[in-house]
Amino acid sequence: MKIIMLGAPGAGKGTQAKKIAEKYQVPHISTGDIFRANIKNGTELGKKAKTFMDQGLLVPDELVVDLVVDRVAQDDCENGYVLDGFPRTIPQAESLDAALAKVGQKVDYAIDVDVPDENIVNRMSGRRACVGCGATYHIKYNPPKTEDVCDICGEKLILRDDDKPETVLKRLTVYHDQTQPLIDYYTKSGVLKQVDGTVDMEDVFQAIVKILGA
Ligand SMILES: [Zn+2]
C-alpha cells in the first residue's frame, strides 16, 4: 500500500498520514525526517543535502528524489508507506513513478484531504500562541482557561503573523499553483482519491479507511 498525501497546509493531512501509518502498520515518511536522518547518519546523500541547506538553499529536485527513493527501498517499506510532503512538483512525481516502475511498483493511492480555503483561514485565525513559553491554543478547539492568557506560564497569547488570514491566503495560493498539476497527474493515472477534510478528524479518517479497506 503505497500512499501519497495531498492537502493544503492546515488541512490536517499530517494527522491523517500518522493515523494511516498506525492502522496499516506502514512507515509515515516526510521529507523533513529523511533529511534529518541522512544528515545525522552522515550518508553521502545527507552530506550533499546539507551543503544546500547550510547555504539556505532549497535542496534540488533530483537530490530530494534520490533521498526519497533510497528511503522507500528500505526493508520497513516492504508493505508500503505513507509519503507526506512529497512529491510537490510534477518532475518529482514523474521521477518517483519512474523509480518505482524500475522495481515493478507503483503508487496505489494519492489521497487529497480537501478543505476549502475559507475553512483553513478560519481554523488558522483561531490559533493563539504564548509569547512566553510558545504553547499553542485554539479559541474554539483548544481554548485557554482564561481568554488570551497562557494556562502554563500566565503570559499573553497572540495571533502569530503566520496564522493571520493574509499570510494563510498567500500560502494557499502557492499551494494551489503547485498542487493542482499533481491532482491532475494522479487523476489521470487513476489513483487520486478525494476526502472531505472539513468534517471531524475521526470522520475524515473513516472516509480514508473506506478507500483503503479495513
Ligand atoms: Zn506560556
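Take 266 as the starting number for the sequence shown in the working numbering and just add one per residue. Beta carbons: idealized from backbone N, C-alpha and C, even for Gly. If you're wondering where the values come from, they're calculated on a predicted model, not measured in any experiment.
For residue i, the three-state DSSP class (helix, strand or coil)
i: I404; result: coil
i: G462; result: coil
i: S454; result: coil
i: L322; result: coil
i: D354; result: A quick correction: the sequence has Thr, not Asp, at residue 354. In the structure shown, T354 sits in coil (DSSP, three-state: anything other than H, G, I, E or B).
i: L434; result: helix
i: C342; result: helix
i: M270; result: strand
i: I417; result: coil
Proximity test, residue i beta-carbon vs ligand 1 heavy atom, cut-off 8 Å
i: C342; result: no
i: A400; result: yes
i: I417; result: yes
i: G397; result: yes
i: E209; result: An answer regarding residue 209 cannot be provided, because it is not within the stretch 266 to 479 covered by the chain.
Distance between residue j and residue i (C-alpha atoms, nearest Å)
i: K278; j: K453; result: 22 Å
i: I294; j: G419; result: 37 Å
i: A432; j: N384; result: It should be pointed out that residue 432 corresponds to Thr in this sequence rather than to Ala. Distance between the alpha carbons of T432 and N384 is about 14 Å.
i: V330; j: S360; result: 7 Å
i: P352; j: T438; result: 18 Å
i: K405; j: L310; result: 43 Å
i: L323; j: D442; result: 18 Å
i: R392; j: V378; result: 20 Å
i: K429; j: D326; result: 30 Å
i: E287; j: F470; result: 12 Å
Cβ neighbour criterion (16 or more within 10 Å) applied to residue i
i: D341; result: exposed
i: R301; result: exposed
i: P488; result: There is no way to answer for residue 488, as the model of the chain reaches only from 266 to 479.
i: D319; result: exposed
i: I355; result: exposed
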